[in-house]
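To start, the structure under review is shown below, and the notes come after it.
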Amino acid sequence: MVERVGAGLIGAGFAANIHANAYNRLPNVDVVAVYSRTSERARKFAEEHGVKAWYTDLDEMLERKDIDVVSVAIPNYLHAWAALKAIEYGKNVIIEKPLTTTIEDEEIEKIGMEIAIEYERKNGREPKDVSKEKLGFDIRSKGKDEIRYIEVKARKDYGSVTLTQNEWFKAKRFKEQYWLYVVVNATTKPELYIINNPYENLEAFEKVEVVRFVIDMKEILGKGEKAS
13 MVERVGAGLI GAGFAANIHA NAYNRLPNVD VVAVYSRTSE RARKFAEEHG
63 VKAWYTDLDE MLERKDIDVV SVAIPNYLHA WAALKAIEYG KNVIIEKPLT
113 TTIEDEEIEK IGMEIAIEYE RKNGREPKDV SKEKLGFDIR SKGKDEIRYI
163 EVKARKDYGS VTLTQNEWFK AKRFKEQYWL YVVVNATTKP ELYIINNPYE
213 NLEAFEKVEV VRFVIDMKEI LGKGEKAS
């Protein structure tokens with residue numbers, strides 16, 4: 013008897029459709045789950061393809077023991093992040109080319125936002141991306157008894173973190189409601205550090221050319237709480 017294989021899909025767009033259709037043509041493969049950052053997209057994809065489970069938390073999906081292989085079908089700049097995470101869970105990985113890309117700063121920030129939003133959802137809060145509104149924070153996240161104003165910074169390695177004057181003043185204004193989420197090693201093995209009330213809890217120095225408040229990475233690693 014041929015052993016059955018359980019497949020998971022990371023992504024719910026055009027490429028994921030192709031992978032789902034290919035899996036469905038294989039007699040011994042069952043597509044058991046799909047992940048998307050957007051709940052509506054994940055739910056709709058699952059309904060259209062007869063997939064029983066859908067997730068907006070990638071870790072939660074990858075914890076499933078009935079998933080043997082995953083297809084990574086999300087934007088190129090997120091390929092390495094998703095593939096490495098799946099490998100950590102012991103999954104076989106099928107990935108669209110390229111494995112990764114030459115990543116620009118904007119794309120690194122997008123990775124940081126993905127990770128921060130996923131972390132918020134995983135911890136029972138409802139995050140909203142407001143980064144385009146230039147409010148001095150990137151995410152407004154509502155919990156049962158709190159609202160978090162979150163500024164997200166992502167780095168390819170361990171470079172210093174720079175806050176704009178607006179971001180620093182908002183940190184000063186909101187105090188305990190303001191959070192700094194810093195993602196290091198964003199393109200390889202991302203780690204998220206979270207700091208509450210950075211205005212009072214971190215040491216920063218003013219950079220003269222354009223007003224910025226620079227925080228040394230030692231401050232982040234030493235005083236931040238590594239998220240798990």
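Per our numbering, the sequence shown starts with residue 13, numbered consecutively.
A virtual CB, placed ideally from N, CA and C, is assigned to each residue, including glycine.
Note that the structure is predicted; figures quoted are calculated from it, not measured.
A straight-line Cα-Cα distance of about 14 angstroms links alanine 27 and leucine 90. For glutamate 130, no beta strand (DSSP E) encloses it; the enclosing alpha helix (DSSP H) starts and ends at 117–134. Just measuring C-alpha positions, the residue of Ile86, Glu121 and Glu130 sitting nearest aspartate 71 is Glu130. Aspartate 78 and glutamate 15 have their C-alpha atoms roughly 12 angstroms apart. Boundaries for leucine 147: no beta strand (DSSP E) harbours it, and the DSSP string shows neither H nor E there.
Counting only the Cα atoms, valine 81 lies some 8 angstroms from valine 17. For glutamate 72, the enclosing alpha helix (DSSP H) covers residues 70–74. As the crow flies, the alpha-carbon of leucine 21 is around 29 angstroms from that of lysine 144. Counting C-beta pairs closer than 8 angstroms gives fewer than three between the region 91–98 and the region 144–157, which falls short of the contact rule. Here aspartate 150 is buried: its Cβ has 16 or more other Cβ atoms, across all protein chains shown, within 10 Å.
Glutamate 100 and asparagine 33 have their C-alpha atoms some 26 angstroms from each other.
Considering only Lys187, Tyr161, Val226 and Ile162, the residue with the shortest C-alpha distance to leucine 175 is Val226. The region 40–103 contains, as complete alpha helix (DSSP H) runs of 4+ residues, the segments 51–61, 70–74 and 91–100 (chain order). If only complete runs of 3 or more residues are kept, the region 154–235 shows the beta strand (DSSP E) at 159–166, 173–176, 190–196, 203–208, 217–219 and 224–227, in order along the chain. Isoleucine 30 has no beta-bridge partner at all, per DSSP. In this structure, the beta-carbon distance from leucine 204 to glutamate 231 does not fall below 8 angstroms. Taking a 10 Å sphere around the C-beta of phenylalanine 217, we find fewer than 16 other C-beta atoms and assign the residue as exposed. Residue pairing of lysine 238 in beta bridges, as defined by DSSP: Tyr205. A direct Cα-to-Cα measurement between tryptophan 66 and lysine 219 gives close to 46 angstroms.
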